[in-house]
Amino acid sequence: MKKRSAFIWKHKVFSVLLLLAFLILLIVIFPEILTSKDPNAAVMMDALQAPSRAHPFGTDKLGRDLFARVVYGARTSVPTAFLLVFLIFSIGSFLGIIAGYFGGFIDALIMRIADIMIAFPGLVLAMAIVGILGPNLMNAVLAIAAVSWPKYARLARSLVLKIRQRDYVAAAVLTGSRTGYILRRYMFRLSLPTLIVTAATDIGKMMLEMAALSFLGFGAQPPTPEWGLMLNEGRSYLQIAPWLMIYPGLAMFLVVSVFNLIGDSLRDLLDTAQEE
Amino acid sequence: MSEGAEENKGILTAKHVTKQFPAAKGRILTACEDVSLEIEKGRTLGIVGESGCGKSTLLRMLCGIEKPSSGHIFFQGWEITNLRGEERRQMHRHIQMIFQDPMEAFHPAMRAGEIIEESIRNYAAVPKSERASRERELLKAVDLPESFADRYPHQMSGGQRQRVGIARALAPDPEILLCDEATSALDVAAQKNVLDILSRLQREREISIGFVSHDLALVSSFADRVAVMYLGHVVEILDAEDVADHALHPYTKAMLDSIFDIHMDFSREIPVIRGEAPSPLNMPPGCPFCDRCSKACEDCRKKKPVLREAEPGHFVACEEV
Amino acid sequence: MEFTMEYILQMKDVSIHYGNHEPAVRHFSLNLKPRSIAMLVGESGSGKTTILESILGLLPGNGHIGSGDILLEGRSVLGNTEEDWRKIRGQSVTMIAQDTGAMLDPVMTIGKQFTEYLRAHENVSKQEAWETSREMLKKVRLPDPENIMNSYPFQLSGGMRQRVGIAMALAFQPKLLLADEPTSALDVTTQAQIVRQMMELRHISDAAILMITHNLALAAYMSDDIYVLKDGELVDHGSRDGILHHPKSDYTKELLAAVPALRGVGA
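Chains as they are written, first to last, in the working numbering: chain Y, 1 to 276; chain P, 1001 to 1321; chain S, 2001 to 2267.
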């Protein structure tokens, strides 16, 4: 207990950010805490109302409560971003570690595929993939995963190439450790800190990419409350109902900032931990 | 399997081993060229040479971490040059290695106990119930208390780390220990301590040792036989006790002259050999040492000298001595 | 009439602390005359490097001199300002590191670094600085100095880089040369070259040398005075003969016993 409070005191910023992230997750799981309204309940009579006591963020063109939609929007954006990062982290790291450790043909094959994926402008390729599979949230996740994993593969590969040269790997081979064990215990375990930091900074970025796809109509479909989609819906009313874009935009800005800052301070934390 | 077993009393033998690495701009770096030597059972072979002479590469080939470009390596007559997969893994248990920088040689996030246990578990020669006692026994063999099992490498001194390294190497009960500059990162006292442990292990377990070092004085006081390497070549092999007085090769002699000894004549100006060792990217066609040698003649520049037996058991690669 | 100082460097009963910890160096005294060579011998952690750092005012972090005094050419350095230090470092007192290669800029040629170093301390033209640099490289017997001036550090061997370091350290004719294990990263044959080099300094400069080494035999060969340190304390001090044949402390005896001897050589 003493240790924990010492940690919090030493890393104040990180602890505050972590608390914020925890609050965001709480809202994702229990949106009812903040609003009792149904985000999809349309009341045409109340369409495009300015923010007021009854509707703190105003209402949209169908008279749905914007505050409820923004709150429930977190439920779409945050879990998909986590899922996405988990996917690209696992696929990319796995392939990168394999490529780096074994080298030769396997390395060439994996890395050339990765190069091809990187050569495309990401969002355009994702749009093409969604175009083929049909627009919905799951396909958008798959599409962005398909173009984002090479970053992890490259990173993991370069880390493994360095780790592989170290004497302790030679020692592990000599003392009879099997390849699977070396990949797990050495290659994966020792590249994990760097990969995790990258993943943490990617959560915000992935959220934005998902929102971008939804904004373009390739991601979440109406009536799902999703920030990118809400921005798109509010676009045509920018002159008369600016709150339709301001509040979803603000929500996105806040959540993305929190996760980006967590990524940054996590990096500082691990860097100093390694120096010590 | 038993080819080459004939005349060998050597337990580990290298025959005409060459190792080349591709370098930038299509050039070739020759780390070892036509190296033949053997480690005898229960004895210590010291391999001495200066940085970049290929002694570490040779050692890594002897234990199978690197594969030679050409040539053969035999363990008790069994050719182990190009083993793969499970066969290679089984070979490793016989030939263990101790590394130069003991900090580099351990997983940074593993405790000494886990490090040793990893080695015990891998060949499953020890039933699960006996692993803990085996671990204690190994720590005891290198004079470390049991409590060391809970320490991380960065919580130990250099000498203690190196002893954990020896304990790990002993776990599979190897016949051969190869030491790559195992003491050069240590203080004098720790160095002596590690050497004492190695000699004791050799006595108790009949372990054969290959001991690579840049320190000729150290090697000739610790080893039974000494091989001197220069620029990827073995230039002289002789009994350790003959090094000081009976060395023949001009390079061995130059190294001897460069050693500071507390019994030396301090008024003597220390002789200096001229120039620098050539780059292993530009292997000279003749004797590798000829540019710096006072005895070099025209022939030396053209023809590479081969190891010949100058006296019984004393091999030298020089035509001029 | 020229006024000659009896001692270049005097350390009087110096104790050095890091923060509030026990002193890293305790009551250390040393006297160094012009053109003489003194050696600090001891194992890692014995405080050798701390002593060198204190002479240049370069104690890292919260290191400070707790008691005693350090005199350079008779003047105490304790009250030195940054400006005072700037004049001393690199000019009247210079330092050779264990691996000069690590201190050279990898993307600049030797010639460029050397001339910039000279011009940073002295108001000379590029041309003059270049000439001086080449002259210095020649003095430390580097073959083909012009070629070395145009080389990058990675193109030189460890021994050559170390000689470049010595040349740079000597450029301003320092009164005192500090050397921290200048040969321990080198091979024996190269070490012999550098040792010869440093001993020849007496012919080309008036500098006194204070050098750290862990090699007792090398210390004995080079030095006039040997200081043996253990855990921050001076345990033995004397001439070569005194230390080798009549060591006062058990620790020195241990060190002597641990030096691997070549049977028969020179005995």
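For glycine and all other residues, C-beta sits at the position ideal for the given N, C-alpha and C.
Beta carbons nearer than 8 Å to chain P: which residues of the stretch 2167-2200 of chain S have them? Here the close residues are Asp2187, Val2188, Thr2189, Thr2190, Gln2191, Ala2192, Gln2193, Val2195, Arg2196.
Please list the segments of the alpha helix (DSSP H) lying wholly inside the stretch 112-155 of chain Y, counting only runs of 4 or more residues, in order along the chain. Scanning the stretch 112-155 of chain Y from its first residue to its last, the whole alpha helix (DSSP H) runs of 4-plus residues come out as 122-133.
Kindly list, in the order they appear in chain Y, the residues whose Cβ is closer than 8 Å to that of Pro1172/P. Scanning chain Y for C-beta atoms nearer than 8 Å to the C-beta of Pro1172/P yields Thr175, Gly176, reported in chain order.
Okay, do the stretch 235-253 of chain Y and the stretch 117-127 of chain Y touch, 3+ Cβ pairs below 8 Å being the bar? Here the stretch 235-253 of chain Y makes no contact with the stretch 117-127 of chain Y; the two share fewer than three CB pairs at distances below 8 Å.
Round the Cβ separation of Phe1211/P and Tyr2221/S to the nearest angstrom and send it over; I've been treating them as touching at under 8 Å. With a Cβ gap of about 26 Å, Phe1211/P and Tyr2221/S do not count as contacting.
Taking the alpha-carbon positions, what's the Thr2049/S to Ile2016/S distance? Rounded to whole angstroms, the separation of the alpha carbons of Ile2016/S and Thr2049/S is 12 Å.
Could you tell me which whole alpha helix (DSSP H) segments of length 4 or greater appear in the stretch 2166-2210 of chain S? Secondary structure remark: continuous alpha helix (DSSP H) runs of at least 4 residues inside the stretch 2166-2210 of chain S, in chain order: 2188-2204.
Collapsed DSSP secondary structure at Lys1009/P in the structure displayed: In the three-state DSSP reduction, Lys1009/P falls in the coil class, being neither helix nor strand.
Using the Cα positions of Cys1293/P and Arg1301/P, report the straight-line distance between them to the nearest angstrom. Taking the CA atoms as reference points, Cys1293/P sits about 11 Å from Arg1301/P.
Just curious, the beta strand (DSSP E) that Val173/Y is in, first and last residue? Val173/Y: not part of any beta strand (DSSP E); member of the alpha helix (DSSP H) spanning 167-174, first to last residue.
Taking the beta strand (DSSP E) that Thr2132/S belongs to, which residues open and close that run? Not the beta strand (DSSP E): Thr2132/S falls in the alpha helix (DSSP H), residues 2126-2139.
Going by DSSP, which residues form a beta bridge with Met1097/P? Note: Met1097/P sits in a beta bridge opposite Leu1178/P.
Cβ of Glu1087/P less than 8 Å from any chain S Cβ? No, no contact with chain S.
Give the residues of chain P in contact with Ala54/Y, contact being defined as C-beta atoms less than 7 Å apart. The premise fails here: Ala54/Y is roughly 56 Å from chain P at the closest Cβ pair, so nothing lies under 7 Å.
Beta-carbon proximity of Phe1266/P to Arg2196/S, cut-off 8 Å: Their beta carbons are not under 8 Å apart, which means Phe1266/P does not touch Arg2196/S by this criterion.
Sequence-distant residues of the same chain with beta carbon closer than 6 Å to Lys1253/P, five excluded per side: Cβ neighbours of Lys1253/P within its own chain (closer than 6 Å, five residues either side excluded): Ala1247.
What residues from the stretch 2021-2044 of chain S come within 8 Å of chain P, judged by C-beta to C-beta, listed N to C? Residues of the stretch 2021-2044 of chain S that bring their beta carbon within less than 8 Å of a beta carbon in chain P comprise Glu2043, Ser2044, in sequence order.
Report the residue from Pro1102/P, Glu1079/P, Ala1277/P, Ser1157/P whose alpha carbon sits nearest the alpha carbon of Thr2189/S. The shortest Cα separation from Thr2189/S among Pro1102/P, Glu1079/P, Ala1277/P, Ser1157/P belongs to Ala1277/P.
Could one say the Cβ of Lys1055/P lies closer than 8 Å to chain S's Cβ atoms, at least one of them? Not one chain S Cβ lies under 8 Å of Lys1055/P.
Per-residue contacts from Arg166/Y into chain P (C-beta, under 7 Å): Listed along the chain, the chain P residues whose CB falls inside 7 Å of the CB of Arg166/Y are Glu1104.
In chain order, which beta strand (DSSP E) runs of at least 3 residues are fully inside the stretch 2078-2125 of chain S? Listed in chain order, the complete beta strand (DSSP E) runs (minimum 3 residues) inside the stretch 2078-2125 of chain S are 2093-2096.
Three-way DSSP call (helix, strand, coil) for Pro248/Y in this model: It is helical.
Buried or exposed: Ala2257/S, going by 16 or more other Cβ atoms within 10 Å of its Cβ? Exposed, because fewer than 16 other Cβ atoms sit within 10 Å of the Cβ of Ala2257/S.
Alpha carbon to alpha carbon, how far is Gly104/Y from Phe94/Y? Give it in angstroms, no decimals. If you take the alpha carbons of Phe94/Y and Gly104/Y, they lie about 17 Å apart.
Rounded to whole angstroms, what's the CA-CA distance from Glu1117/P to Val1235/P? Just pull it up for me. Approximately 41 Å, taken between the alpha carbons.
Who does Pro1022/P pair with in a DSSP beta bridge? Paired residues: Ile1028/P.
So, for Leu34/Y: in the same chain, excluding its five sequence neighbours on each side, which residues have a beta-carbon less than 7 Å away from its beta-carbon? The beta carbon of Leu34/Y sits closer than 7 Å to the beta carbons of Ile27, Val71 from its chain, once the five residues preceding and following it are set aside; these are given in chain order.
Which partner residues of Tyr2227/S appear in the DSSP bridge assignment? Residue pairing for Tyr2227/S: DSSP places it in a beta bridge opposite Leu2040/S, His2237/S.
Beta-carbon proximity list for Leu231/Y, same chain, < 6 Å, skipping 5 on both sides: Leaving aside the five residues that flank Leu231/Y on each side, the residues in its chain whose CB is nearer than 6 Å to its CB run, in chain order, Phe215, Met245, Pro248.
Please list, in chain order, the chain S residues whose beta carbon lies closer than 7 Å to that of Ile1270/P. Those are Ala2192, Val2195, Arg2196, listed as they occur along chain S.
Segment limits, beta strand (DSSP E) that includes Ile1207/P: In the DSSP assignment, Ile1207/P falls outside any beta strand (DSSP E) and carries neither an H nor an E.
Between the Cα of Trp1332/P and the Cα atoms of Ala1141/P, Ile1166/P, Met1091/P, which residue gives the shortest distance? Only positions 1001 to 1321 of chain P appear in the structure, and residue 1332/P is not among them; the question remains open.
Taking the beta carbon of Ser1070/P as the centre, do at least 16 other beta carbons fall within 10 Å, making it buried, or is it exposed? Ser1070/P should be labelled exposed.
Quick one: residues in its chain with C-beta nearer than 6 Å to the C-beta of Cys1318/P, no 5 flanking neighbours on either side, listed in chain order? Excluding sequence neighbours, Cys1318/P sits near His1249, Pro1305.
Unbroken beta strand (DSSP E) run spanning His1092/P, endpoints: Segment 1085-1092 is the alpha helix (DSSP H) holding His1092/P; no beta strand (DSSP E) there.
I want to see whether chain P comes within less than 8 Å of Arg2240/S, judged by CB atoms only; does it? Taking Cβ atoms only, chain P reaches closer than 8 Å to Arg2240/S, which makes this a yes.
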